[in-house]
Structure formats: C-alpha cells, structure tokens
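S.K.:
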Amino acid sequence: MNKSELIEALSKREGLTEKKAIEVINLLFKGFTEELQNGGRIEIRGFGSFVVRNYNAYTGRNPKTGKNIKVSPKRLPFFKVGKELKERVDGKGGDKDPDRG
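So that you can map any letter, position 28 of the sequence shown is 30 in the working numbering, and since no number is skipped, the others follow by simple counting.
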C-alpha cells in the first residue's frame with residue numbers, strides 16, 4: 003500500500019473527502035517525522051515502534067572503483083515490529099479487532 007492508496011482507504015472507510023483524508027495522513031506523517039527528528043520514539047501498541055539509530059563514521063569501499071571512501075556519521079529511522087502484528091502476519095494472531103487498539 004502506498005500513500006495514495008492509504009488516503010483512498012481512509013476516505014472510503016471513514017466517509018471523508020479526499021482533501022480531508024490527505025490532511026489527516028499528512029498531519030500524521032508530519033508528526034511522526036518531527037518526533038523522530040527531535041530524537042523521540044513513536045510506539046503504536048500492537049503494531050510496532052519507530053526509533054532513530056545513530057551510526058558512526060567509517061571507511062567504506064566503492065564497489066566500482068575499489069577505492070576507500072569515508073562514510074559520514076548518520077541517523078536513520080528504524081522500525082521494530084510489535085508482537086501482535088508479528089503474530090498476525092505469521093497467521094498465529096488472535097481475534098483482536100485491529101481498530102480497538
């Protein structure tokens with residue numbers, strides 16, 4: 003599912019206009035992004051959590067030329083799947099309604 007499909011699904015399921023669904027999704031993504039940029043953590047019970055992991059600088063190798071290159075330190079988002087989602091995807095999930103948290 004991509005962003006436009008998510009907007010369409012939200013619009014249909016909740017009876018929202020496409021414009022309102024776009025606003026909701028953009029607000030959600032903006033909030034997630036800002037929280038991660040500020041070093042925060044996002045946890046959605048039963049789904050998973052997002053955190054930012056810090057990676058140190060290191061010397062890498064360009065696979066085309068074979069030359070060594072310096073890779074700068076970086077911060078990257080990381081997703082850890084929740085137990086309930088893991089079980090549902092694996093077909094071992096219970097009868098819990100995903101809409102009721």
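A virtual CB, placed ideally from N, CA and C, is assigned to each residue, including glycine.
Going residue by residue through the segment 28-102, where are the continuous alpha helix (DSSP H) segments of at least 4 residues, counting only ones entirely within it?
M.R.: List check, alpha helix (DSSP H) in window: 85-91.
S.K.: Do N78 and R43 have their CB atoms nearer than 9 Å?
M.R.: Rather than Asn, the amino acid found at residue 78 in this sequence is Leu. No.
S.K.: Might you give, ordered along the chain, the residues of its own chain that have their beta carbon closer than 8 Å to the beta carbon of D92, omitting 5 neighbours on each side?
M.R.: none
S.K.: Is DSSP giving E7 helix, strand or coil here?
M.R.: helix
S.K.: Can you check whether the CB of F52 is closer than 9 Å to the CB of K82?
M.R.: yes
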